[in-house]
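*Asks:* Protein chains in written order, with the numbering used here: chain F, 824 to 1265; chain H, 824 to 1265. Where a beta carbon is used, it is the ideal one built from N, C-alpha and C, also for glycine.
1) Whose C-alpha, out of F:1221, F:1238, F:1254 and F:1248, is nearest the C-alpha of residue 884 of chain F?
2) In chain H, which residues lie with their C-beta within 7 angstroms of the C-beta of residue 1155 of chain F?
3) In chain order, what residues of the same chain lie with their CB nearer than 6 angstroms to the CB of residue 1050 of chain H, ignoring the 5 residues before and after it?
4) Rounded to whole angstroms, what is the Cα-Cα separation between residue 1015 of chain H and residue 973 of chain H?
5) What residues from chain F crowd round residue 933 of chain H, counting only those whose CB sits closer than 7 angstroms?
6) When you compare the CB of residue 1174 of chain F with every CB in chain H, is at least one pair closer than 9 angstroms?
7) Classify residue 863 of chain F: buried if its beta carbon has 16 or more other beta carbons within 10 angstroms, exposed otherwise.
8) Spatial neighbours of residue 1069 of chain F within its chain, please: CB distance less than 7 angstroms, with the 5 preceding and 5 following residues excluded, ordered by chain position.
9) Using a Cβ cut-off of 7 angstroms, pull out every chain H residue sitting near residue 1215 of chain F, in sequence order please.
10) Which of the three DSSP states, helix, strand or coil, is assigned to residue 842 of chain H?
11) Which residues of the stretch 880-913 of chain F have a Cβ closer than 7 angstroms to any Cβ of chain H? Give them in chain order.
12) Can you pull the DSSP bridge partners for residue 1073 of chain H?
13) Within the continuous beta strand (DSSP E) that includes residue 1226 of chain H, where are the two ends?
14) Where residue 841 of chain F and residue 835 of chain F are concerned, what is the direct C-alpha to C-alpha distance, given to the nearest angstrom?
15) Over the uninterrupted alpha helix (DSSP H) stretch that includes residue 785 of chain F, give me the two end residues.
16) Pick from H:1020, H:844 and H:957: whose alpha carbon is nearest that of residue 988 of chain H?
17) Just checking, does the stretch 1200-1211 of chain F make contact with the stretch 1150-1158 of chain F on the three C-beta pairs under 8 angstroms criterion?
18) Can you give me the C-alpha to C-alpha distance between residue 899 of chain H and residue 926 of chain F, rounded to a whole angstrom?
19) Kindly indicate if chain H contains any beta-carbon less than 9 angstroms away from that of residue 1260 of chain F.
20) Check the Cβ of residue 1249 of chain H against every Cβ in chain F and list those closer than 8 angstroms, keeping chain order.
21) Are the C-beta of residue 1142 of chain F and some C-beta of chain H separated by less than 9 angstroms?
22) Is the CB of residue 1203 of chain H under 9 angstroms away from at least one CB in chain F?
23) Of all Cβ atoms in chain F, is any one closer than 9 angstroms to the Cβ of residue 1063 of chain H?
24) Using a Cβ cut-off of 9 angstroms, which residues of the stretch 1093-1111 of chain H contact any Cβ in chain B, in chain order?
25) State yes or no: is the beta carbon of residue 1207 of chain H nearer than 9 angstroms to at least one beta carbon in chain F?
26) Go ahead and pull the three-state DSSP assignment for residue 1092 of chain H.
27) Taking the C-alpha atoms as reference points, what is the distance between residue 1267 of chain F and residue 969 of chain F?
28) Quick one: give me the first and last residue of the alpha helix (DSSP H) that residue 830 of chain H is part of.
29) Exposed or buried, what is residue 1187 of chain F when buried is set at 16 or more other beta-carbons lying within 10 Å of its beta-carbon?
30) So, is the C-beta of residue 930 of chain H closer than 9 angstroms to a C-beta in chain F?
31) Taking three-plus beta-carbon pairs below 8 angstroms as touching, is the stretch 1135-1152 of chain H in contact with the stretch 1101-1110 of chain H?
32) Which value, in whole angstroms, describes the spacing of the CA atoms of residue 1215 of chain H and residue 1079 of chain F?
33) Quick one: which residues of the stretch 1115-1130 of chain F get their C-beta closer than 7 angstroms to a C-beta of chain H? List them in chain order.
34) For the beta strand (DSSP E) containing residue 1079 of chain F, name the first residue and the last one.
35) Would you verify that the beta carbon of residue 924 of chain F is, or is not, closer than 9 angstroms to some beta carbon of chain H?
36) What residue range is occupied by the uninterrupted beta strand (DSSP E) comprising residue 857 of chain H?
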């Protein structure tokens, strides 16, 4: 059966940035089958029709860095200096388990879908559970098991993620919605051996490798002192830089770092909300783009960026990078939306399938409604999305040809049930969190 | 008749930052009559009961700088360098009129109320029309007619706002919801004489005076070249600094400027969204607060800040000021919400009536619902509002004891009708805007 979406302003985000003022599209199975203006519109028998009511039809948004299962940490110790040591590590080690990872991932996927995110790149623990959640909920996902130099919630051994990760890749590599990958946590939380092994796994299975990179001041200090190198120079020296690498954050970059990212065609996930809330810095995105480095957008986990929608990142991106460059005209809204759609797809090497509205591409689609009070007037649909919209304006979402959100509600799932399931699995976590809060006495 | 709001987590924002985990309040007429815990709760005969369903009850938010009637400019030429000259001035002069000012103000008030803003400080033209809209819609408002050195949409004379403004103040000064004031546009768009006259009006009627100050690079340059002074030093030299002055923006401040603001008890409206989107800068708020200068939050107009809600400003404030100070622990969420509530009230010299939930204060109240996907879990209600919420989480709003928003809808008005009224009055504006867009060829 075909699906028609009609009465929408289409921003295709294709290479010509084609737009249709009042258009419709036809979805056939997983794919976009036709794109036209309403002048050409004729109903098709036995098709489902969705009336966009003058909303904006855009490609599904792509979140290139997140940690789905970290939902339980949201709003916990946000303004605390020593947050990682006080909250994240102890709670992760004591309270994160299979069930919690699974139910948290389900909840996080609800948030992604409801906010128009149709593809995610996730790295965390218990990725088999996350994959199960992804499969049930029907989002497109890149999932990577974390490799780190200490025992974790899902491994008694240091670097246990290498073994878990390789098994995980084998198990999921042919799934239609899931691309597995390997995720060494960071250069300074691994050793040379584990990084090289992770890279070999990525090479062997031809899957991405993702890592937190040039994010922490102590990370930079460590490599400066130990190797007289930047983290990126160090990764180059051990053969880690390649076009399979998606580097998250990349806040602190030297000119040579940028040259290296460019030379090896490394991809970057830029997490402006998370990076600025933590007072770390603003990654030099304009410099990277000038050097043809592909930069996508990421929300980071709910512990760091709090919300998982890309629309919030658009707005933060605009204001931070305009100010950073002292130029209100740099990064017009159009270019910012590219980062969260077609360039995000390129970061994930999936631009032939997703990231724009084109015939033959997968139908990952979002309708932004324009009836809410914040969405009038609209002289420029890109401006409206970047500067006026918030995640609540997402009305309808398709992933892989299937409608998953309609009238701002999950079509096949009950949010309250999923929240209650998560709540019931969060009891131990909550107790421990309250303990830590009392200790910190914020 | 009394109104009861029950089953809410109350953050009072009073001087002790009292909170009630599960509480209720009683509204009697315009005022808060009782605040208690649900343990003490007993129904009262003939009262209206609103069940908050576990939401967060907070004071109504205070927007200390805006231009209601600029709604038609939203999403027009956002990323254009020479925006003021290309769009704002020509469109204002040619197309802004009584009707458009009135219908735009009505629409803007819808957006304010729906996002939990219960008090605004507006400066623009046709303030009589704005006052009419305010009166009809039922928001608390400070309204100031603009004084500027050229003929405007509502005056054929230079500085016509002086005459209009004084009449306006006389007419509206005893209105229960409206406080009129006088609004010289900026130091560089007035002359010494008009500034002094405006200040005399403010003194004579004991009403506020508000001005755009230390906002533009050319403004600073002008006063440096003409007077070898900063704009603030210049205003001091002509007697403009006083505790009646609410200075919007104050981005570029010397230490002496800060001393002067402090000495004269000048109030500041900080517009982080507008200032950063325009790549101007980040006002030194932490320095101002350390000097006991009162700083409220403002959205600016829809032309500059795009959305008119204070929740968006909370998030932008957090990320920009944490980064600016290189400290994630500075401005904890609690302190940011103070700026948009009780400190905002102090900026407007209304802290005895509004800005916190206390017995005897006006019932300007907001319920933030916590059932939407972005609002779970909540370990800290302030964090949830600043980092997780967006304006769509505002469920219920009271102004002056009256419920104006319920279940996320205006209670007494139909948004679509108000939008259509505005649309119908925007035709000339739209044509001219499209003309300008074509010229600019963005």
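*Replies:* Taking the coordinates as given:
1) That would be F:1221, whose Cα lies nearest to the Cα of residue 884 of chain F.
2) Simply 902.
3) Within the same chain, Cβ atoms closer than 6 angstroms to the Cβ of residue 1050 of chain H are found at 1057, the five residues on either side in sequence being excluded.
4) Separation of residue 1015 of chain H and residue 973 of chain H (C-alpha to C-alpha, rounded to the nearest whole angstrom) is 15 angstroms.
5) Residues of chain F passing the Cβ test: 1196.
6) No, because no Cβ of chain H sits closer than 9 angstroms to the Cβ of residue 1174 of chain F.
7) Residue 863 of chain F comes out exposed.
8) So the list reads 887, 944, 1031, 1033, 1090, 1092 and 1170, once near-sequence residues are dropped.
9) Chain order gives the chain H residues near residue 1215 of chain F as 1213 and 1215, where near means a beta carbon separation below 7 angstroms.
10) If DSSP states are grouped into helix, strand and coil, residue 842 of chain H belongs with the strands.
11) Cβ proximity to chain H below 7 angstroms picks out 895, 897, 898, 899, 901, 902, 903 and 904 from the stretch 880-913 of chain F.
12) In the DSSP output, where bridge partners are listed per residue, residue 1073 of chain H has none listed.
13) Note, residue 1226 of chain H: beta strand (DSSP E), 1225-1229.
14) Using only the alpha carbons, I get a separation of about 6 angstroms.
15) Chain F is shown only over 824 to 1265; residue 785 of chain F falls outside these bounds and no answer can be derived.
16) Of all alpha-carbon atoms in H:1020, H:844 and H:957, the one lying nearest the alpha-carbon of residue 988 of chain H is that of H:1020.
17) Verdict: yes, contact present.
18) Within the model, the alpha-carbon separation for residue 899 of chain H versus residue 926 of chain F is close to 43 angstroms.
19) When Cβ-Cβ separations below 9 angstroms define contact, residue 1260 of chain F makes contact with chain H.
20) Within chain F, the residues near residue 1249 of chain H are 1200.
21) Answer yes: the Cβ-Cβ gap between residue 1142 of chain F and chain H drops below 9 angstroms somewhere.
22) Chain F, which has a Cβ nearer than 9 angstroms to the Cβ of residue 1203 of chain H, makes this yes.
23) Chain F contact via Cβ: absent.
24) Absent here is chain B; the protein component of the structure consists of chains F and H.
25) Yes, residue 1207 of chain H counts as interfacial toward chain F.
26) Residue 1092 of chain H carries a strand assignment under DSSP once its states are collapsed to helix, strand and coil.
27) There is simply no residue 1267 of chain F to check, as chain F begins at 824 and stops at 1265 in what is shown.
28) It is not in any alpha helix (DSSP H) - residue 830 of chain H instead sits in the beta strand (DSSP E) that spans 825-834.
29) Residue 1187 of chain F is buried by the Cβ-count criterion.
30) Yes, contact with chain F.
31) Enough Cβ pairs lie closer than 8 angstroms, so yes.
32) A direct Cα-to-Cα measurement between residue 1215 of chain H and residue 1079 of chain F gives close to 44 angstroms.
33) 1129 and 1130: these are the residues of the stretch 1115-1130 of chain F whose beta carbon lies less than 7 angstroms from some beta carbon of chain H, given in chain order.
34) For residue 1079 of chain F, no beta strand (DSSP E) encloses it; the enclosing alpha helix (DSSP H) starts and ends at 1078-1086.
35) So, not an interface residue.
36) Per DSSP, residue 857 of chain H is one residue of the beta strand (DSSP E) stretching across 854-860.
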